[in-house]
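In my numbering, the protein residues as written are 14 to 573.
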């Protein structure tokens, strides 16, 4: 089929083996099948129990359910109904985030919540901005190419077919992408607002190329999902279901093929049998303890909750926590440096209109030693709403009357952001704090600090943002330093001495225990991680389904 024909038929083309977009109700936003989904007894040993229903857990469940696996997914948060639960308001969307107590520390502590964690079916993609760039081939060979961080035990080629498949399921919309491994997208790019055009003009004067997208937002109808209506409230949950998240891209099909999702179920411990295999998970619902037996356990709680659960699952056989015999669980947790620079223009920019991500440049993604640091950064447009804009103004030191004037002037501002790749450091880690949550489980503590390479990367990225806005004609600029996107903490590796899981996500120490979320990433990249997490889960499902995990027979997982 020609590119033109594919574009014209984009709303009618089904992705293979996933009917989620066509199972949704045209008139209601709630996921069909919740009331009629399969129910498993707790004393019944299911084929797989997954902790977490986000980018990794939901994708894995959907794929394996199609192959006949009996699967239960535990999700600590609610099963969202966009019509009933989500509001077009910043303050009213607070419950989309993981708001349970956590402790932060280190020389450069990371604020947790909002832009780096989610709670509920769909995970943090429910409130992510929608950017879905791929990692570059270089991201999988950072040690070999640049002499820093670590290499992955898999390559870009291993993930490429899964990138392509997930991009069809979301669906991803954008211009042809010239960076990394050049590729196109199933949906054509969305129109951009005047602010993005102004930023592109400034960048062009400096020889910097931007492209439109890529975003997980339908451009045109897609099954029973509508076209984006450009409300600009992507970070508050998409009330029209135009933006892709596992809640609408994978959960409907998973339920239709027998997956049971138990919401409000907080996993507290992975149980181990006498042979050292995972036998199930203990969890709490409304203060009452439960236990579900399973032949295989997968943890997909992301880079804070996954290490927390593993570290808390101690036993005489694993006194320091599951899969932690080498003291690597929780280590190497990463964020991206995410500074934002806003420029003030004479005409109205109205940066809240359209999806927050509109245009992106990966021109600075790869290492250029002339810049004085390894690895690089990406540039993106962002669209802070008024409360976030107030935080931006405050971060630049403006209070009182000055703050009020900046708020009145909101519609004249436009904001660019960077995503700087920060390196994995062993001392940046998740541990268990002394305090406990309402379930009696120790709360997580995250310590974080930057290295000199990180600081140089962020400084260069900020200056580049300033230069673009000044070239675009900005009359004034404001800057905020911030972080985004947690990954790492249970790194994938080629040997037990250097990581927590192998190339198939299997923990080195427990043969039927897997990790399927962003915590397995050995490096961060300068790309938003959601697409890569989904692609990793898709690859894992393929290997489990084809019985290629532990193919030597000594460590083969139990299969349906």
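Don't be surprised by glycine CBs; every beta carbon is placed ideally from N, CA and C.
Excluding residues up to 5 positions away in sequence, 69, 72, 73 and 529 lie with their Cβ nearer than 6 angstroms to the Cβ of residue 550 in the same chain.
In terms of CA proximity to residue 548, 76 leads the group 119, 37 and 76. Nearest to residue 27 by alpha-carbon distance, out of 236, 257 and 61, is 236.
Collapsing the DSSP output to three states places residue 359 in coil. Following the DSSP letters along the chain, one finds residue 305 inside the beta strand (DSSP E) bounded by residues 301-306. Beta-bridge partners of residue 460 (DSSP): 118 and 442. The shortest C-alpha to C-alpha distance from residue 503 to any of 513, 407, 366 and 57 is the one to 513. DSSP places residue 467 in the uninterrupted alpha helix (DSSP H) bounded by 465-484. When the alpha-carbon of residue 113 is set against those of 465, 321 and 344, the nearest one is in 321.
In the pairwise beta carbon analysis, the region 128-144 is classified as touching the region 531-548: at least three pairs are separated by under 8 angstroms.
The Cβ atoms of residue 82 and residue 60 lie closer than 8 angstroms to each other. In this structure, the beta-carbon distance from residue 362 to residue 412 does not fall below 8 angstroms. Inter-residue distance for residue 255 and residue 185 is about 11 angstroms (C-alpha atoms, whole angstroms).
Minimum Cα-Cα distance from residue 240 among the listed residues 183, 480 and 172 corresponds to 183. Per the coordinates, the alpha-carbon of residue 38 lies some 43 angstroms from the alpha-carbon of residue 286. Look at residue 35 here: in three-state DSSP terms it is helix. When C-beta atoms of the region 352-371 are compared with those of the region 438-457, fewer than three pairs fall below 8 angstroms, so the two segments do not count as touching.
When 510, 519, 67 and 168 are compared, the shortest CA-CA separation from residue 340 is found for 510. When secondary structure is reduced to three states using DSSP, residue 173 falls in the helix class. Short of 8 angstroms from the beta carbon of residue 349, and not among the five residues preceding or following it, lie these beta carbons of its own chain, in chain order: 432, 433, 434, 435, 496, 497, 498, 537 and 539. In terms of Cβ geometry, residue 372 and residue 473 do not form a close pair [threshold 8 angstroms]. If you check the CB distance, residue 293 and residue 303 do not come in under 8 angstroms. According to the DSSP assignment, residue 489 belongs to the beta strand (DSSP E) that extends over 489-493. Under DSSP, residue 511 takes part in no beta bridge, so it has no partner.
Fewer than three pairs of CB atoms, one per stretch, sit closer than 8 angstroms, so the region 445-455 makes no contact with the region 184-199. Beyond the five residues adjoining it in sequence on each side, residue 126 comes within less than 7 angstroms, by CB distance, of 110, 111 and 112 in the same chain, given in chain order. Positions of the alpha helix (DSSP H) runs, each at least 4 residues long and wholly inside the region 160-222, are given as 169-182 and 207-218 in order along the chain. Residue 375 counts as buried, since at least 16 other C-beta atoms from the protein chains shown sit within 10 angstroms of its C-beta.
Three or more beta-carbon pairs separated by less than 8 angstroms link the region 380-390 to the region 453-470, which places the two stretches in contact. The C-alpha of residue 58 is placed about 23 angstroms away from the C-alpha of residue 521. For residue 130, there is no enclosing beta strand (DSSP E), as DSSP marks it with neither H nor E. The beta strand (DSSP E) runs lying completely inside the region 365-399 and spanning 3 residues or more are 372-374 and 390-395, given in chain order.
Where residue 276 is concerned, the enclosing beta strand (DSSP E) starts and stops at 273-276. Between residue 482 and residue 215, the gap from beta carbon to beta carbon is short of 8 angstroms.
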